[in-house]
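For reference, the structure discussed in these notes is given below.
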Amino acid sequence: MTVSQILFLVVAAVMLISAVLVVTLRNLIHAALWLIATLFFVAVLYVLLDAGFMAAAQVVLYIGAIAILIIFAMMLTRRVMADETVQINSQWWLGGLVAAAAFVAVAGLLNASAWPGLPAVDDATITNSIKMLGTQLTSPDGFVIPFQIASILLTVALVGAIAVAGEKK
Amino acid sequence: MPDFSKYGIGNIFIYFYELLGWFLKSQLNLPAELAGVIQTLVAIVTLGTFALLIPIFTIWLERKLAARFQDRLGPNRAGPYGLLQSFADVIKLLGKEDITPTGADKWVYNLAPLVGVVSVVTLWAVIPLASTMVGANINVGVLYVVGISGLGTIAIMMGGWSSNNKFALLGAFRTAAQLVAYEVPMIIALMVPVLLAGSMGMQDIVNAQANSTWYILMAPVAALLFFITSVAEIGRAPFDLLEAESEIVAGFHIEYTGMKFGMWMLSEFLHAFTIAALTATLFLGGWHGPLSSEAPILGIVYFLVKTFLAYFVVVWSRSTFPRIRVDHLLSLNWKFFTPLALGALVVTAVAQKLVDTYLPGAGDAMRTVALFSANVLLVWLVFELIRRSARQARAGAEGGYEEQGEAHHEEAGHGGHETQAEHSPAPASAH
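The listed protein sequences correspond, in order, to chains A and B.
According to this note's numbering, the first sequence is numbered sequentially starting from 1.
According to this note's numbering, the second sequence is numbered sequentially starting from 1001.
Shown next as structure tokens:
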């Protein structure tokens, strides 16, 4: 095993354990902190795949923005749901069955596919990946229309949020 | 054995790194991959230790400078010029009782200062110390800095929430309002050097400055905005609402004692020094200076000189300005800094494009003049707008009682009201 393989196994194991803790813990803040750990280790996986931009964006967006808002909202509801709520309902076996079936299906699919040889990525591509991403997002031959539509959608969402939260006259 | 003359005194740290690799591979007969991992680990530990040792000096420096600003002498008993004062403080902190308050969330409470320190030390990974010395020359350096500072916010919120203390919780709430808000103009201001250098890598940005001019001349507005918003990000005076001692006693770290308190202090002081280092890297040319490419060790000296200059300004403003009020803090950010940062970004992009289109043969001097005057124009425009709306507000205030309340509130908005005619209430979440 190479060093990066060992790293991958360790990171993946810790990530899965944190993900399980997110849904099983009773304390909401602890669950949110484990969610941050999970998201962080996903970012580490991106780093192992040489996808630096994805990793940084993952940390900036998910940890820096979304997780902080989740924690902020939870702080206002301190220990409301800590002990009384039941975490499962009577249909837990059905959910488990579906999850197991999905796992078997995905694993079987991964096992069955032939995995055609992916094109080798050289170091120059990795170094220039951000430049290529930027060019793709702004060139007419690339993704300029979807990019612009997404920008307009986000601006509309921003204005809408201010309109909803703003003071009513 | 690596040949020392090939590296020279200018690359002495690189030589040590290669020497270690040679020792591990040919003397201990370790496989190349394992040797590489050990080499990297030693480099990480060295850089991290360097970063962690900085506050021992800067705490003394800051106390001395703050004392001078307040017409005092500062620490002067322990050692010459009081230089050993920080060591005495560390020993004192180590000896203090380690208290975990009843009802505190033990794990989160103990983890929070650790996350705080880690979030600052890891920033040093991407700061180029010299032309050949940078922890990790990743191509998303600027984005990495932004992401890591998000971890610092989480650390403060963890500490504030888990202390089981209402003042600590209030401090954490203020953190969320302040740090998340000031991140917006900070990121936009960071886009200006990225735009000018055409890269998000820290080393590329410094190289671009070494080949043209320092970005403090090309983008003074962005430099100032980045500096001010970073000071707000680390929660220092005049933006120290997270720990405002006259309002919420000590804010998020009120319950911490002993070395855990020391770790909060460590992360705060190191963070202050780190934003000075980032300002030096992004806007003051980093390691660039005479002969810095030929002898990289000189680059470290230039880098440290520039960083200490920026750090001096941090200390200066800390001991000069009074604390900003919480509603002013947010309206200053949303109504003044954010539009100004967007304006600086647009002005830089347009001026850059105009120079490229109409003056194709323009040298760096020409480009610098064009960008600088564009920035001056922007500042003049902003001040003209502020003056106009202040005049209107004054006219309204003289009109009648009804408008007086409005106008008063507008003036309280710190001149940031030119973008928004109606007054907006102070966000309830901030209180």
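Yeah, the Cβ is synthetic: ideal placement off N, Cα and C, and Gly gets one too.
Closer than 7 Å to chain B by CB, Ile-17/A
no
Since Ile-63/A meets chain B, which of its residues come closer than 8 Å, beta carbon to beta carbon?
Gly-1147, Gly-1150, Leu-1151, Ile-1154
Whole-angstrom distance between Thr-125/A and Lys-1353/B, CA atom to CA atom
27 Å
Round the Cβ separation of Gly-1150/B and Gly-64/A to the nearest angstrom and send it over; I've been treating them as touching at under 8 Å.
3 Å
Distance between Ser-129/A and Asp-123/A (C-alpha atoms, nearest Å):
10 Å
State the beta-bridge partners of Met-1133/B as determined by DSSP.
Ala-1130/B
Tyr-1144/B and Ala-43/A look like a contact to me (Cβ under 8 Å); what is the Cβ gap, rounded to whole Å?
With 8 Å as the limit, Tyr-1144/B and Ala-43/A do not qualify as a contact, their Cβ atoms being about 10 Å apart.
By DSSP, does Asp-1003/B sit in helix, in strand, or in coil?
coil
Is Ala-1341/B closer than 7 Å to Leu-1225/B when the C-beta atoms are compared?
yes
Out of Phe-1016/B, Leu-1094/B, Ile-1099/B, which one is the CA nearest neighbour of Lys-1254/B?
It is worth fixing the name first, because residue 1254/B is Ile in this sequence and not Lys. It is Ile-1099/B whose Cα lies nearest to the Cα of Ile-1254/B.
Using 10 angstroms around the beta-carbon of Thr-1058/B, count the other beta-carbons present and answer buried if the total reaches 16, otherwise exposed.
buried
Using the beta-carbon of each residue, which ones in chain A are nearer than 8 Å to Glu-1033/B?
Thr-2, Val-3
Boundaries (first-last residue) of the alpha helix (DSSP H) holding Pro-1055/B
1032-1069
Is the beta carbon of Gly-1147/B sitting closer than 7 Å to the one on Leu-1047/B?
no
Since Pro-1101/B contacts Ser-1163/B with CB under 8 Å, what's their CB separation in whole angstroms?
6 Å
Just to check my reading of the structure: Leu-1094/B and Met-1265/B have Cβ atoms closer than 8 Å, yes? What is that Cβ distance to the nearest angstrom?
Between Met-1265/B and Leu-1094/B the Cβ distance is about 13 Å, and since that is not below 8 Å, they are no contact.
At 4 residues or longer, and completely inside the stretch 1203-1274 of chain B: list those alpha helix (DSSP H) runs for me, N to C.
1215-1218, 1220-1233, 1245-1248
Is DSSP giving Gln-91/A helix, strand or coil here?
coil
Report all residues from its chain with a CB closer than 7 Å to the CB of Tyr-62/A; omit the five preceding and five following residues, and keep chain order.
Leu-39
For Phe-143/A, decide whether its Cβ has a neighbour in chain B, counting only Cβ atoms nearer than 7 Å.
no
Beta carbon of Thr-1175/B nearer than 7 Å to that of Ile-1156/B
yes
Under a Cβ-count criterion, where at least 16 other Cβ atoms within 10 Å of its own Cβ denotes burial, should Tyr-1139/B be classed as buried or exposed?
According to the sequence shown, residue 1139/B is Asn rather than Tyr. Burial call: buried.
Do you know how far the Cα of Phe-53/A is from the Cα of Leu-1123/B?
16 Å
Can you find a C-beta in chain B that's less than 7 Å from the C-beta of Val-60/A?
yes
Cβ neighbours of Ile-1234/B in the same chain (closer than 7 Å, five flanking residues each side left out):
Glu-1268, His-1271, Ala-1272, Ile-1275
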